[in-house]
Amino acid sequence: MNEVSANNDSCVVRFETCLYEPRHIIIAAQAFTDDYWVYLDGDPNSAIQVVLKPKKVSVLDLKKIGYEFYNYVLLISRN
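Letter by letter, the sequence shown follows residues 42 to 120 of this note's numbering.
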């Protein structure tokens, strides 16, 4: 199951690789590196977890950032 969760300083987005290609997740991660520290973890054959930590403390809604990342992966997957 794909999910987005957030805590005090980061958000976590989980992708099932049977639905999303790992290369699309990596492309999205590269696009977010200007504003966020991006950590990828997991098994490319089952699920990948992406952790986004803002480089600036001013980000208020981390869960929203997680959904923006999720939507960006969807956009890349369509092309």
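Beta carbons: idealized from backbone N, C-alpha and C, even for Gly.
In the same chain as residue 73, and ignoring 5 residues on each side of it, the C-beta atoms closer than 7 Å to its own belong to 79, 93, 110, in chain order. For residue 118, the enclosing alpha helix (DSSP H) stretches over residues 103 to 119.
When the beta-carbon positions are compared, residue 96 and residue 45 stay at least 8 Å from each other.
A straight line joining the alpha-carbon of residue 117 with that of residue 65 spans about 6 Å.
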